[in-house]
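> Here my numbering is used: position 256 in the sequence shown is 256, and no number is missing along the way.
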Amino acid sequence: MKTDPRHVAERLAGIYGHGVDSPPTYPTWVAFLGRLGLAGGDAEVVADIVRLVEPLLAKPHALPATPHSLATACFADQLLAATGDSRYRDFLVHQANRFVPFFFAGSLLGRAHAVTGETSYRDRLLVFLRSVDTRQPNGLYWHCRASPYFWGRGNAFAALGFAQALSHLGTAGTEDLATTHEEHLCALADHQDDSGLWRQIVDDPSTYLEHSATTMVGVAIAQGLRGGWLSETRWRHVLERAWTGAAARIGARGELDQVCVGTGPLDSREAYVQRPFSTGTDSRGGAMALWFAVEMSQR
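1) Skipping 5 residues on each side, what residues in its chain have a beta carbon closer than 6 angstroms to that of V202?
2) What first and last residue would you give for the beta strand (DSSP E) that runs through Q223?
3) Suppose the cutoff is 7 angstroms on Cβ atoms and the five residues either side in sequence are ignored; what does the same chain contact list for P27 look like?
4) Identify which residue in R275, G117 and D267 has its Cα closest to the Cα of L209.
5) In the DSSP assignment, find the unbroken alpha helix (DSSP H) run with D48 in it and report its ends.
6) Out of A158, L126, S167 and G227, which one is the CA nearest neighbour of T214?
7) Look up C144 in the DSSP assignment and give the residues it is bridged to.
8) Could you give the uninterrupted runs of the alpha helix (DSSP H) lying entirely in the segment 93-137, keeping only those of 4 residues or more?
9) In three-state terms, what does DSSP make of V259?
10) Going by DSSP, which residues form a beta bridge with W198?
11) Are the Cβ atoms of G245 and S195 separated by less than 8 angstroms?
12) Starting from T279, follow the beta strand (DSSP E) in both directions and report where the run begins and ends.
13) Using the beta-carbon count (16 or more within 10 Å), is T72 buried or exposed?
14) Considering only DSSP beta bridges, list what I300 is partnered with.
15) Using CA coordinates, which residue listed in L56, Q78, G14 and E44 is at the minimum distance from P24?
16) Report the CB separation of V219 from W291 in whole angstroms; it is logged as a contact under 8 angstroms.
17) Using the rule of at least 16 other Cβ atoms within 10 Å of the residue's Cβ for burial, across every protein chain shown, is P5 buried or exposed?
18) Check whether the segment 160-175 touches the segment 121-131, counting contact only when three or more Cβ pairs, one atom from each stretch, lie closer than 8 angstroms.
19) Considering only residues of the same chain and omitting the five flanking positions on each side of I15, which have a CB-CB separation below 8 angstroms?
20) Determine the direct distance from the alpha carbon of C260 to that of G170, and round the result to whole angstroms.
21) Indicate whether L38 and A13 have their beta-carbon atoms separated by less than 8 angstroms.
22) Could you check the C-alpha separation between T116 and H181 for me, to the nearest Å?
23) Tell me the DSSP secondary structure of L63 in three-state form.
24) From H18 to L52, what does the alpha carbon distance come to, in whole angstroms?
25) Should E295 go down as buried or exposed, given a rule of 16 or more other Cβ atoms within 10 Å for buried?
26) Please classify C186 as buried or exposed, where buried requires at least 16 other C-beta atoms within 10 Å of its C-beta.
27) What did DSSP end up calling S167 once you bin it into helix, strand or coil?
28) Report the option in G224, P148, A76 and G84 whose CA atom is closest to the CA atom of L109.
29) Over what stretch of residues does the alpha helix (DSSP H) that includes G264 continue unbroken?
30) Excluding the 5 residues flanking L230 on each side, which residues of the same chain have their C-beta closer than 6 angstroms to its C-beta?
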């Protein structure tokens, strides 16, 4: 079946997450996360990823202190569980001490709290998420204050960041964050296209359907359903529509349809409208699509 999550995940895992880019950036590590999640502890997959990341463990301080490189440790808790090697915990903690916003903060600080038990990581993450002030009355997030536009992947990063935080911290004592997160998802659901996808600018139906934003929001919803802070009654249909739309736009060799290129804050709405997209194999979109497929295969 073309959209069977397990089959799609296996197809994507055969293409993405088999090398390390230079400089290392988050798509590679998200792809490792997806491969490990799909493998379920398979020794051959674990050994392959151990081999790929070994040079980074030897010199973690050599990794650039840039947002795209800081999330390199999002897979490390899975390798720690698979191998028992404490160097993966140390690597995760090293990167968590250099965290940056939303997905990176939720992913790294949440995992650091989970593997160390140190409340300082939990506290820092809670302070950060409670201080974010770019969500607007319509429930969506600006890309940033300098770029007051509702960029698709920017909102997807916000959704995924909150989901990662709640996944690792739990909902006890974080009820306010779960509420904020679901309010944001409700705003996103209001703008979900009939195809199941979200757009380059979330609230502008004239902009292109964007694959990576869709898969990231899909991961966030799937994790919320598994964690229990989202209800099946309200969110299952939204999730299934997102999966059907995203999976239909994944080719036999991992090609993806319309993934926005890397995008920092832009000066105008029109710059977001005109921002190019790639169609074909794409490490950023492929990693997130793999993660989404793995999440769906585990439902």
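Here a beta-carbon is modelled for each residue, glycine too, at the ideal position from N, C-alpha and C.
If we stick to the structure as given:
1) L140, F150, G152, N155 and H191
2) No beta strand (DSSP E) holds Q223; the alpha helix (DSSP H) holding it covers H211 to G227.
3) S283, R284 and A287
4) R275
5) A43 to A58
6) A158
7) S147
8) 103-116 and 119-131
9) strand
10) E210
11) yes
12) F277 to G280
13) buried
14) Examination of residue 300 is not possible in this model, given that the chain is present from 1 through 299 alone.
15) L56
16) 5 angstroms
17) buried
18) yes
19) R253, G254, T281 and G286
20) 32 angstroms
21) yes
22) 25 angstroms
23) coil
24) 8 angstroms
25) buried
26) exposed
27) helix
28) A76
29) From DSSP, G264 is part of no alpha helix (DSSP H); its letter is neither H nor E.
30) G224
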